[in-house]
Ligand SMILES: NC(=O)c1ccc[n+]([C@@H]2O[C@H](COP(=O)([O-])OP(=O)(O)OC[C@H]3O[C@@H](n4cnc5c(N)ncnc54)[C@H](OP(=O)(O)O)[C@@H]3O)[C@@H](O)[C@H]2O)c1
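Residue numbers (our numbering): 369 to 625.
Right, here's the structure in full:
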């Protein structure tokens, strides 16, 4: 008999989720914990990371630990990985979720703002991946999930820093998926459409956003946090074993048009 639903089981798996203190990262961490994983939450805010890990541990009964860590700091990335290895002895899953968005017309943005977005959204993904891969290679198993975006696949005005960064994440995912294809490690990306997380609260109520949701997203609504969990569990589990270098869109039909 084929394994079916058992392939989604994450019992005894250990997952690091960068930026797991809120929004999509917290939802994916909770999704993985609901399937049995122990989760390691990072963010630049120690209290928020701890609160998120504590809530997930209380809800699902698996260990959840937290680190204050900036994904742009090589020292921080190395510390998260070495302390996770010390605590659990393994890292099966990395979700490169930490990200920021700085919006605006190009003439109103500074080079520093453009570079800050690339540093967190691109360098951070590369650095954390580079730190976990040796451990995953030793184990002959790993799942790397990158949070790209529909804006890595299609354009939107006033988003040059963010769209550039997410296009880079799409290409990094493809290149790394190929590089790791024979190691037992997969590398895939989720490309979410609009979800009403803290990242989008500043634009949620403006008329342009409301028009966009109805005009571009086929389902004419925001994504709900629970709707990111299925793709994350798939790509983090045995169920996704023949997927690598893939872009999984979770976008209410935005990019199907
Ligand atoms: N929401 C959407 O509609 C949407 C759509 C497509 C793609 N995405 C992508 O999905 C991911 C999560 O987005 P979200 O909407 O959940 O964002 P969010 O609510 O703003 O949460 C972002 C998370 O990343 C952390 N973070 C930011 N900079 C960091 C850094 N330098 N080092 C470590 N952690 C950092 C934040 O914590 P601290 O600030 O405390 O560090 C927070 O935990 C992002 O990569 C985003 O680009 C989101």
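Quick reminder that beta carbons are idealized off the backbone N, C-alpha and C, glycines included. Just so you know, these numbers come straight off a predicted model, no measurement behind them.
Beta-carbon within less than 6 angstroms of residue i's beta-carbon, same chain only, minus the 5 sequence neighbours each way: which residues are those?
{"i": "residue 412", "result": "438"}
Could you spell out the range, first to last residue, of the beta strand (DSSP E) harbouring residue i?
{"i": "residue 434", "result": "432-436"}
{"i": "residue 383", "result": "382-386"}
{"i": "residue 511", "result": "510-515"}
{"i": "residue 618", "result": "615-618"}
{"i": "residue 560", "result": "553-560"}
For residue i, count the other beta carbons within 10 Å of its own beta carbon; 16 or more makes it buried, fewer makes it exposed. Which is it?
{"i": "residue 587", "result": "exposed"}
{"i": "residue 569", "result": "exposed"}
{"i": "residue 519", "result": "buried"}
{"i": "residue 534", "result": "buried"}
Quick check on DSSP: helix, strand or coil for residue i?
{"i": "residue 490", "result": "helix"}
{"i": "residue 521", "result": "coil"}
{"i": "residue 535", "result": "helix"}
{"i": "residue 468", "result": "coil"}
{"i": "residue 411", "result": "strand"}
{"i": "residue 478", "result": "coil"}
{"i": "residue 609", "result": "coil"}
{"i": "residue 462", "result": "strand"}
What span of residues does the alpha helix (DSSP H) with residue i cover, start to end?
{"i": "residue 602", "result": "597-604"}
{"i": "residue 398", "result": "391-402"}
{"i": "residue 584", "result": "575-584"}
{"i": "residue 454", "result": "442-456"}
For residue i, which of the options has the nearest alpha-carbon?
{"i": "residue 614", "options": "514, 622, 590 and 577", "result": "514"}
{"i": "residue 526", "options": "394, 537 and 472", "result": "472"}
{"i": "residue 581", "options": "564, 396 and 595", "result": "564"}
{"i": "residue 436", "options": "507, 452 and 604", "result": "452"}
{"i": "residue 428", "options": "415, 604, 406 and 503", "result": "406"}
{"i": "residue 510", "options": "598, 397, 432 and 458", "result": "458"}
{"i": "residue 448", "options": "498, 600 and 401", "result": "498"}
Between residue i and the rest of its own chain, which residues show a CB-CB distance below 8 angstroms, the 5 nearest in sequence each way excluded?
{"i": "residue 440", "result": "487, 488, 491, 492 and 495"}
With a threshold of 7 angstroms on Cβ separation, who are the neighbours of residue i within its own chain once the five nearest residues in sequence on each side are excluded?
{"i": "residue 375", "result": "605, 606 and 607"}
{"i": "residue 589", "result": "581 and 620"}
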